[in-house]
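Let me begin by presenting the structure, written as structure tokens, before commenting on it.
2 protein chains.
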Amino acid sequence: MDNRPVGVFDSGLGGLTAVRELRRLLPNEDIVYFGDTGRCPYGTKGRVTIERFAAQDIRFLLGFNVKVIVIACNTVSSVALEMASEMSPVPVVGVIESAARAASAATKSGKIGVLGTFTTITSGRYEQALHALQPSLTVTGRACPMFVPLVENGYFGRDCRVAEIIAHEYLDELRGTVDTLILGCTHYPILKGMIADIMGDGVALIDTGRETAMEAARLLEHRGLLKDGGDGSARFFVSDRTDDFARLAAILLGSPIENVGLVKIDQY
Amino acid sequence: MDNRPVGVFDSGLGGLTAVRELRRLLPNEDIVYFGDTGRCPYGTKGRVTIERFAAQDIRFLLGFNVKVIVIACNTVSSVALEMASEMSPVPVVGVIESAARAASAATKSGKIGVLGTFTTITSGRYEQALHALQPSLTVTGRACPMFVPLVENGYFGRDCRVAEIIAHEYLDELRGTVDTLILGCTHYPILKGMIADIMGDGVALIDTGRETAMEAARLLEHRGLLKDGGDGSARFFVSDRTDDFARLAAILLGSPIENVGLVKIDQY
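Chains A and B, in that order, are what the protein sequence lines are.
When we follow my numbering, the leftmost residue of the first sequence carries the number 1, and every step to the right adds one.
When we follow my numbering, the leftmost residue of the second sequence carries the number 269, and every step to the right adds one.
Here it is, written out as structure tokens:
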């Protein structure tokens, strides 16, 4: 038993899709979430910058005496997981390995697609992680840079013409060539309905937020670190709070957000 | 005569549209450009964060002994121009006043529209600046949060269906109600053709980068600060360099970019 909180961070609010899954799986756990809204998105930035940002995010969470750190950000997991694991005295769970394991288990044809930001896709980390599990897999990456702005601006309904045109541009070449598709960015599950419509029934969609929450749950259970009952709480911190915050948080978390603190993250 | 360089900064690469105009108007001048690509966009962030970022951007440019600072960023000009003018020992030119003067001179009906990011529009600064010039003006603001991602991802051709749908969503209510439209974000001139098609011939489009370059040129001339001939140079600095950099810079500057330095801006 361990009643310390679970720390979760992301470049912005996308990681709230992982918090939603964590709360569903582990309703007793206390969660501290940090979203680096003052410096998001990370997905368009380079490795050195992302490593510096991630180190600050982790130092902030460690101040809450967390028992595990969940990196609910594909970009950070792609380029800075090793650094994060080295600097953190508590276990670190990233999205890449979690999602790769799920995809490797799901595929029958051995052909897996990965959607993500430019940085995630060009890092090749999903391909590496998948090949470490099964060297024979064929992995096709596709950067989908418009998906985050689409979600954040409300273009995600199944009947949204703009999202449909752009999703077709990104997905048509993948359709029919893979049987498993990793939604390698925490915003993408919001577009899951449309992606499923385009890819067709035979394709398994891997939600990285959900897989990472499951991985964190397994880790806490195996190491005897689960909380000893009681209702779970959630505290949210961001590095910038805009007028738009509540609307966006509700889209991604699936419920209104309360208890939001403002952090000067570049001082960590 | 004054042979010190002209300093220009923006939250990212959008300000390159102003550099393009500056080079056209003042081909002799040396230009130092800083784009805060490591922390862009500013337009979704709050006032306190933007002021802190702008102060660092200005300190960086002052290190080059610049003779004027051009804030080629509507968001910074909206919320941090006063702070910038107070902290800078050299004159500061922002986009808001420059564009407001041009719009006030162009309108016949007294009805002006303003397009910009969420932060620019909710700041109400364009409305304030226009009313300071002509209290009787009617000003209608419209946030266009998808325009920056559209431009940055290549969705800006006059025949681009996605840009057309979104531009209609933003502009249809304004069409026929204003005779002058301020393109209140440095990225928007790239969409000028499509915006002109939707708004119709009778509407004057105010390009804030161009107006700000003209304002800076007037200021240098009036104060006797122009360079004494010779070819102008341009040096570019960014806080993050991604694989995507060259492609984006070419879209916004209109020519390939060279001489790019990397800056740890949070140390300024």
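Just so you know, even glycine gets a beta-carbon here, dropped at the ideal spot from N, CA and C.
The continuous alpha helix (DSSP H) containing Asp197 of chain A extends over residues 192-199. Looking at the backbone, the Cα of Glu221 of chain A and that of Pro91 of chain A are separated by about 13 Å. Note on Lys313 of chain B: 16 or more other CB atoms within 10 angstroms of its CB, so buried under the neighbour-count rule.
Counting the other CB atoms within 10 Å of its CB gives Thr445 of chain B a total below 16, which places it among the exposed residues. Within chain B, the residues Asp534 have their CB atoms less than 7 Å from the CB of Asp266 of chain A, given in chain order.
Taking CB atoms only, Asp325 of chain B has no neighbour in chain A less than 8 Å away.
Residue contact with chain B for Val162 of chain A: present (Cβ-Cβ distance below 8 Å to some residue of chain B). At a cut-off of 8 Å between beta carbons, Gly141 of chain A makes no contact with chain B. Between the C-alpha atoms of Arg426 of chain B and Ala99 of chain A there is a straight-line separation of about 40 Å. Sequence-ordered contacts of the region 110-126 of chain A with chain B read Phe118, Thr119, Thr122 [C-beta pairs closer than 8 Å]. Closest by C-alpha distance to Val407 of chain B, out of B:Ala435, B:Asp447, B:Val419, is B:Asp447.
Residues of chain B with a Cβ closer than 9 Å to the Cβ of Pro145 of chain A are, in chain order, Pro417, Glu420, Asn421, Asp512. Short of 8 Å from the beta carbon of Val361 of chain B, and not among the five residues preceding or following it, lie these beta carbons of its own chain, in chain order: Val336, Ile337, Val338, Ile339, Thr480, Glu483, Ala484, Leu487. Judged by beta-carbon spacing, Phe424 of chain B lies within the 8 Å limit of Ile458 of chain B, meaning their Cβ atoms are closer than that value. Gly314 of chain B has a beta carbon lying within less than 8 Å of a beta carbon in chain A. Judged by beta-carbon spacing, Met1 of chain A lies beyond the 8 Å limit of Gly209 of chain A, meaning their Cβ atoms are not closer than that value. Looking at the backbone, the Cα of Arg327 of chain B and that of Gly110 of chain A are separated by about 54 Å. Across the set A:Gly141, A:Glu169, A:Asp57, A:Phe64, the C-alpha of A:Glu169 shows the shortest separation from the C-alpha of Asn421 of chain B.
When C-alpha distances from Leu248 of chain A are compared across A:Pro149, A:Thr119, A:Leu81, A:Glu86, the shortest belongs to A:Pro149.
Residue nearest to Thr107 of chain A within the set A:Gln56, A:Ile96, A:Leu130 is A:Leu130 (criterion: CA-CA distance). For Val95 of chain A against Tyr42 of chain A, the beta-carbon gap comes to about 13 Å, at or over 8 Å, which does not count as contact. If you draw a straight line from the Cα of Ile265 of chain A to the Cα of Gln535 of chain B, it comes to about 14 Å. Counting only runs of 3+ residues, the beta strand (DSSP E) found wholly inside the region 469-499 of chain B occupies 472-475, in chain order.
Chain A has no Cβ within less than 8 Å of the Cβ of Arg486 of chain B. The DSSP assignment places 68-71, 92-94, 111-116 as complete runs of the beta strand (DSSP E) inside the region 63-117 of chain A, in order along the chain (cut-off: 3 residues). Chain order gives the chain B residues near Arg39 of chain A as Arg307, where near means a beta carbon separation below 7 Å.
According to DSSP, Gly35 of chain A shares a beta bridge with A:Asp10, A:Val238. Contacts between Thr49 of chain A and chain B, judged by CB atoms closer than 8 Å, involve Gly306, Ser507, Asp508 in chain order. In this structure, Asn65 of chain A keeps its C-beta atom at 8 Å or more from the C-beta atom of Thr117 of chain A. A distance below 6 Å between beta-carbons, with the five flanking residues on each side excluded, links Arg20 of chain A to the following residues of its chain, in chain order: Leu253, Gly254. In this structure the region 381-395 of chain B does not lie against the region 497-514 of chain B, because fewer than three pairs of beta carbons, one per stretch, are closer than 8 Å. Here Gly141 of chain A is bridged, per DSSP, to A:Val114. Going by beta carbons, Asp36 of chain A and Val6 of chain A fall outside the 8 Å limit.
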